[in-house]
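Here's the structure we're looking at; comments come further down.
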Amino acid sequence: MTDFPHLIRLESADDPRVADYARLTDVKLRRRLEPERGMYIAESSKVLRRALAAGHSPRSFFMADKWLEDLADVLAEHPDVPLYVGDDDVLEQITGFHLHRGAIAAMQRPEPVALEQLLASSHRIAVLEDIVDHTNVGAIFRSAAALDVDAVLVTPRCADPLYRRSIRVSMGTVFQVPWTRLQHWTADLQRIKDAGFTTAALALSEDSITLQELAARRDERLALVLGTEGDGLSAATVHHADLTVRIPMSHGVDSLNVAAASAVAFWETRPGVQERTAPAS
Numbered sequence: 360m361t362d363f364p365h366l367i368r369l370e371s372a373d374d375p376r377v378a379d380y381a382r383l384t385d386v387k388l389r390r391r392l393e394p395e396r397g398m399y400i401a402e403s404s405k406v407l408r409r410a411l412a413a414g415h416s417p418r419s420f421f422m423a424d425k426w427l428e429d430l431a432d433v434l435a436e437h438p439d440v441p442l443y444v445g446d447d448d449v450l451e452q453i454t455g456f457h458l459h460r461g462a463i464a465a466m467q468r469p470e471p472v473a474l475e476q477l478l479a480s481s482h483r484i485a486v487l488e489d490i491v492d493h494t495n496v497g498a499i500f501r502s503a504a505a506l507d508v509d510a511v512l513v514t515p516r517c518a519d520p521l522y523r524r525s526i527r528v529s530m531g532t533v534f535q536v537p538w539t540r541l542q543h544w545t546a547d548l549q550r551i552k553d554a555g556f557t558t559a560a561l562a563l564s565e566d567s568i569t570l571q572e573l574a575a576r577r578d579e580r581l582a583l584v585l586g587t588e589g590d591g592l593s594a595a596t597v598h599h600a601d602l603t604v605r606i607p608m609s610h611g612v613d614s615l616n617v618a619a620a621s622a623v624a625f626w627e628t629r630p631g632v633q634e635r636t637a638p639a640s
């Protein structure tokens, strides 16, 4: 086995050096604790490698012996980063779950990107208003990466894109798509409009246009605004948006899950498609 001089063997679940990994299943605690500490958890070898490839810095590594060889190259590249290793039962007592996906790492949370910087460098963005489910946030980021969305903006109450479940569901694409958290929603909606974006709220409304009609407009700069699970977008957001857009449904279905709706909207409005003509009303 490869020699790891920075390896620290854990003998007790009460070791204060691994506080970053304690109670990972306590969602309420972790949502507050991780941003306060300026860190997040990268779970699985694939996600960890994508985080490192994006330039993020590890605070420490945490794993069972059986995963050491799989990440030997990564560990060798970070000889000054603590490497905590323990038996499965000790690791599970610390985290609250069995590490069946392999190694995890505590990573430094990157500095937020300024809203003006993201808007200046983007032509098509997604805005997530108060989407609280980490699975949905992760799935939206994965679709955004796959379908060439330039950036994602999340409102103050939206779930953390760097929470471990969001990261895992996104397959690490949260490290690839630039994003930032808005501070003054819905005042920031006006800032988006002032930057030249057409703001399109995905919501059911009497004056809504279809997604195909939106795509046919070929807006040079487009912000797709997606709302929280259940209630959808707030009335204030719908009122202040330039357009209200619906995805036509069949068989009496009134709406899609927000993650599914985002994928449909990103696909239909993707750049580089041939000009399409909206159907006659």
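Here my numbering is used: the first residue of the sequence shown is 360, the next is one more, and so on. For glycine and all other residues, C-beta sits at the position ideal for the given N, C-alpha and C. These numbers come from a predicted model, not from an experiment.
Three-way DSSP call (helix, strand, coil) for residue i in this model
i	result
R580	coil
I490	coil
E565	coil
W544	coil
E634	At E634, the pLDDT of 45 sits below 50, so the modelled position is not reliable; the number obtained from the coordinates is stated separately. In this structure, E634 counts as coil in the three-state DSSP scheme.
Y380	helix
V536	coil
S403	coil
I606	coil
I591	Residue 591 is actually Gly in this sequence, not Ile. DSSP places G591 in strand when its eight states are reduced to three.
P364	coil
T628	coil
R418	strand
L430	coil
V440	coil
A473	coil
R460	coil
L512	strand
Burial state of residue i, where buried means 16 or more other Cβ atoms lie within 10 Å
i	result
R409	buried
S371	exposed
E488	buried
V612	exposed
T384	exposed
Check: residue i C-beta below 7 angstroms from any heavy atom of the ligand ATP
i	result
Y399	No copy of the ligand ATP appears in this structure; indeed no ligand is present at all.
Contact under 8 angstroms by Cβ, residue i with residue j
i	j	result
L548	T628	no
L440	L369	According to the sequence shown, residue 440 is Val rather than Leu. Against a cut-off of 8 angstroms, the Cβ pair of L369 and V440 comes out as no contact.
D429	S404	yes
V528	P520	no
F625	V508	yes
D601	T532	no
F500	L434	no
L563	A620	no
L442	H365	yes
V449	F421	no
Supposed contact pair residue j and residue i - C-beta distance, whole angstroms, cut 8 angstroms
i	j	result
T603	A560	5 angstroms
I484	A510	5 angstroms
Y522	R382	Contact flag wrong, Cβ pair sits at about 14 angstroms.
A462	H493	With 8 angstroms as the limit, A462 and H493 do not qualify as a contact, their Cβ atoms being about 21 angstroms apart.
V386	N495	Contact flag wrong, Cβ pair sits at about 14 angstroms.
D446	A431	20 angstroms between Cβ atoms; not a contact.
R550	L427	Contact doesn't hold; Cβ gap of about 48 angstroms is too wide.
Cutoff 8 angstroms; reference residue i; Cβ partners in own chain excluding five residues on either side
i	result
V623	L570, I606, L615
M398	D379, R418, A465, M466, Q467, R468
A595	T545
Q535	R409, A413, A504
I490	V496, I499, V513, C517, A518, L585, G586, T587, E588, V617
S416	M466, Q467
7 angstroms Cβ shell around residue i - same chain, five flanking residues per side excluded
i	result
P515	R540, L541, Q542, W544
V406	I526, R527, G531
A554	L478
L592	E488, A560, A562, V584, G586
Beta-carbon proximity list for residue i, same chain, < 6 angstroms, skipping 5 on both sides
i	result
G497	S525, V528, S529
Q452	A372
F556	R580, A582
D578	T557
T454	Y380, L383
A401	L407, A410, A464, M466
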